Amino acid sequence: MLEDLLFNLQLVALGISNGAFYAMLSLGLAVIFGMLNVINFAHGAQFMMGAFVAWLLLTQLGIGYWPSLLLSPLIVGLVGVAMERLMIARLYKLDHLYGLLLTFGCALVIEGLFRNIFGSSGQRYSAPREFQALDLEFGDFFMPGYRVWVLIAGTTICIATWLVIEKTKVGSYLRAAVERPQLVQAFGINVPLMMTLTYGAGVALAALAGVLAAPVYSVHPAMGANFIITVFAVVVIGGMGSILGAIVTGFLLGFVQGVTDVVYSEASQTVVFVIMAIVLLTRPAGLFGRA
Amino acid sequence: MSVNRRTLLGAAATAPVWGALPYRSARAQAANTIRIGVLNDQSALYRDISGPGSTQCVEMAVKESGITQSGINVEVVQADHQNKPDVGSTVARQWFDRDGVDVIVDVPTSSVALAVNTLTRERNKVFLNSGAATSDLTGSACSPNTIHWTYDTYMLANGTGGAMVRAGGNTWFFITADYAFGHALERDTTAFVTAAGGRVLGGVRTPFPGTTDFSSFLQQAQRSRARVIGLANAGGDTINSIKQAAEFRITRGGTKLAGLLVFITDVHSLGLEVAQGLVLTETFYWDLNDRTRAFTQRLGNMPGGLRPSMVQAGCYSAVLHYLKAVKEMGAAAAKASGAEAVAKMKAMPADDDAFGQGTIRADGRKIHPAYLFEVKQPSESKGAWDYYKLVATIPADEAFRPLAQGGCSLVRS
Chain F
1 MLEDLLFNLQ LVALGISNGA FYAMLSLGLA VIFGMLNVIN FAHGAQFMMG
51 AFVAWLLLTQ LGIGYWPSLL LSPLIVGLVG VAMERLMIAR LYKLDHLYGL
101 LLTFGCALVI EGLFRNIFGS SGQRYSAPRE FQALDLEFGD FFMPGYRVWV
151 LIAGTTICIA TWLVIEKTKV GSYLRAAVER PQLVQAFGIN VPLMMTLTYG
201 AGVALAALAG VLAAPVYSVH PAMGANFIIT VFAVVVIGGM GSILGAIVTG
251 FLLGFVQGVT DVVYSEASQT VVFVIMAIVL LTRPAGLFGR A
Chain S
292 MSVNRRTLLG AAATAPVWGA LPYRSARAQA ANTIRIGVLN DQSALYRDIS
342 GPGSTQCVEM AVKESGITQS GINVEVVQAD HQNKPDVGST VARQWFDRDG
392 VDVIVDVPTS SVALAVNTLT RERNKVFLNS GAATSDLTGS ACSPNTIHWT
442 YDTYMLANGT GGAMVRAGGN TWFFITADYA FGHALERDTT AFVTAAGGRV
492 LGGVRTPFPG TTDFSSFLQQ AQRSRARVIG LANAGGDTIN SIKQAAEFRI
542 TRGGTKLAGL LVFITDVHSL GLEVAQGLVL TETFYWDLND RTRAFTQRLG
592 NMPGGLRPSM VQAGCYSAVL HYLKAVKEMG AAAAKASGAE AVAKMKAMPA
642 DDDAFGQGTI RADGRKIHPA YLFEVKQPSE SKGAWDYYKL VATIPADEAF
692 RPLAQGGCSL VRS
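In the order they appear, the protein sequences are chains F and S.
As numbered in my numbering, residues 1 to 291 make up the first sequence, in order.
As numbered in my numbering, residues 292 to 704 make up the second sequence, in order.
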């Protein structure tokens, strides 16, 4: 009896730890969509770049996991800033579809380039050994220390981002700039720069999730593409552009997938879309969105 | 949202096909030019095991066959089938009908291979499959125009499955990719396990593609107390399963992992630290003997610094043998009838550095030994790509499904 309970608890804990990745990725998407009105289809590719940059830092320069947690998002964030300045900024006045097409094209190009250079079977990136100290084990319950770390780090990042946007002055400028850009600019705030930095920050969030994911999954060019469809479903369920919605739904869907894995494994991907359909039928703006 | 993406993906997917097709007129080709089309995955998960490396192997076979000295020209073209049967069929049809391609080589991904198999028979051309796994190519779907060269699901199940049961792994739990290939591999392996007195305690079907975290499936497998966890999946799924099994220390209680389809590039990607002890079956390993080492050395640098996979080596071996047949029967006769060319290949014994001596059966199955390998511990590996130690050699006549059991119509007639 206790054994069953521990086993189920373990699967649920695993699901929530996966939910941390969904939450971090959908958070970045929600920030970018909420602030810039751009559907960033390159998010998966940017997540993959985060993991690859960490791997490159390790294999080429001998820079380990901890510095990579900072360096990789910074580097990939700068790439994001360049993308925004050179391309995406030109599309703000147009329909959403143009931004979607552009970022989707960018994702294909980036993934293709990585595939050509690094091949398709993936690179290995191991978690530092010190995480083994965090291993949780009672009887049949076993949770690797690194997964515990992912859960803690993911939750902290999500809460911090939410606090910055909802509770700080910078966040209030951002939200104001979305509602009335001209008025905010009239107050002397550089709105285009703020947009650029927001996109860079959203991309950096994806890259950070990529670094966290590198020791869990194989680092390969399609690793982001595997995630991105589920993550878009998370954003839609949470409510497009809703930061809190993205975070809560990310963890929630991780939990639901964890349960589905035990009950009926074949449906563990489909369940997300079934929930999406139900939410869209009953609350078209999403769980946390405003109609 | 997902509808948008799918529509876009569909539209995007067709674009590279047109770019990949070589624009040549069939009328322009001379009667003494053999045109070889290498059709495989150039851009996704099977790129490293096939992809540009297969083309490199085919080009080496052309060079080493010495066919140009006989006054026969050979041209090699390549295209990406993107693992989609419709894309593969479109390319194959254009190659046969417009570009004068005589033989299609490689074609990983079983569903694409079966589509090209049918088309090749209709057009009476030649199909030398190296990359696909399904044993149906020499069973219910066998064709007088097709030779299945390198490996198949029966051989994998026989090799790895059989060996694990003999080593005491008599209870199994399957983690199966939820599509035709995974089901076939699970079915074939189950047959071996039960025939050897073993039992299958359970299994999970994992959604394909899109599953990235296998840890909960591995936990379920561990909980079943099965001695062997059979991974009936391939490529990135296998890599993630093995990586996460190490993370969750699945094997600490004595449970063994059986990677039913593992390529050397997968082992390279995993690293010996994680992959050590894994048992797998292949028909080619670059460091197997002097001949395979010589073959690998002649091949030179591969794309991405990789070593040849058995699929790529199979492309070399198959094309070399085909060109031998062409030399004997003449280019005109070989071009006129694919079935005749294949019949000629079946009548000749095969011998090359990659696979050694072999024969081709009436059902189109190329017969050669299979090798059961165990992945070395990091301390045992002496250098780059020194990954396998040989556990057992399965003789050629035992490695593949007996001729009478496949249900191939060519055998009955």
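Glycine is no exception: its CB is placed at the ideal position from the N, C-alpha and C atoms.
These figures come from a predicted structure and were not determined experimentally.
Asked	Found
Cβ-Cβ distance between S:Q535 and S:S560 below 8 Å	no
Cut-off 7 Å between Cβ atoms - residues of its own chain near S:T441, not counting five sequence neighbours on either side	S421, T574, M601, V602, G605
Among F:Q123, F:L281, F:G15, F:L71, nearest to S:L563 - alpha-carbon criterion	F:Q123
Reference S:V558, options S:A458, S:P660, S:T503, S:W676, closest by Cα	S:W676
Same chain, Cβ closer than 8 Å to F:I16, neighbours up to 5 away in sequence not counted	L151, F251, G254, F255, G258
Where S:H659 sits in the DSSP three-state scheme	coil
Between the CA atoms of S:A609 and S:M639 - distance to the nearest angstrom	12 Å
Against chain F: residues of the stretch 519-538 of chain S by CB proximity under 8 Å	G526, G527, I530, N531, K534, Q535, E538
CB contact flag (S:A661, S:G430, <8 Å)	no
Simplified DSSP state of S:R516, which is helix, strand or coil	coil
Simplified DSSP state of S:L299, which is helix, strand or coil	Only weak support is given to the placement of S:L299: the predicted model assigns it a pLDDT of 45, under 50, and the value that follows is read from those uncertain coordinates. S:L299 falls in the helix class under three-state DSSP.
Under the three-state DSSP convention, the category S:W463 falls into	strand
Environment of S:A322 [buried if 16+ CB atoms lie within 10 Å]	exposed
S:I533 versus F:P73 - alpha carbon distance	28 Å
Rounded separation between S:S361 and S:N374 - CA only	36 Å
Any chain F beta carbon closer than 8 Å to S:F508	yes
Contact with chain F by S:D644, beta-carbon distance below 8 Å	no
Limits of the alpha helix (DSSP H) - the one that F:N226 falls within	223-238
Near-chain S residues of the stretch 259-284 of chain F - C-beta to any C-beta below 9 Å	D261, V262, S265, E266, A267, S268, Q269, T270, F273, M276
Option nearest F:M83 by Cα separation, candidates F:T103, F:L94, F:Y65, F:S268	F:T103
Residue span of the beta strand (DSSP E) that contains F:R115, given as start and end	Looking at the DSSP string, F:R115 is not in any beta strand (DSSP E); the run it does join, the alpha helix (DSSP H), is 96-118.
Listed by chain order, chain F residues near S:V495 by CB distance under 9 Å	D261, S265, E266
Endpoints, alpha helix (DSSP H) assigned at F:I152	145-167
Within chain F, the residues that S:L561 reaches when beta carbons sit closer than 7 Å	R124
Per-residue contacts from F:H43 into chain S (C-beta, under 7 Å)	In chain order: nothing, as chain S lies at least about 12 Å away.
Under 9 Å by beta carbon: chain S residues contacting F:G119	R338, D339, G342, T556, S560, P594, G595, G596, L597
Bridge partners - S:Q369, DSSP secondary structure assignment	S:V329
Element boundaries [beta strand (DSSP E), containing S:H439]	437-439
Chain-ordered residues of the stretch 64-76 of chain F with a beta carbon less than 9 Å from chain S	none
Cβ contact check for the stretch 610-625 of chain S and the stretch 668-686 of chain S: 3 or more pairs under 8 Å	no
Beta-carbon proximity of F:Y92 to S:N531, cut-off 8 Å	no
Three-pair Cβ contact test at 8 Å for the stretch 349-360 of chain S versus the stretch 379-392 of chain S	no
Interface flag, S:A687 vs chain F, CB-CB below 8 Å	no
Per-residue contacts from F:G50 into chain S (C-beta, under 9 Å)	The contacting residues do not exist; F:G50 stays about 15 Å from chain S at best.
Status (buried if at least 16 other CB within 10 Å, exposed otherwise) for S:K635	buried
Beta-carbon proximity of S:G501 to F:Q269, cut-off 8 Å	yes
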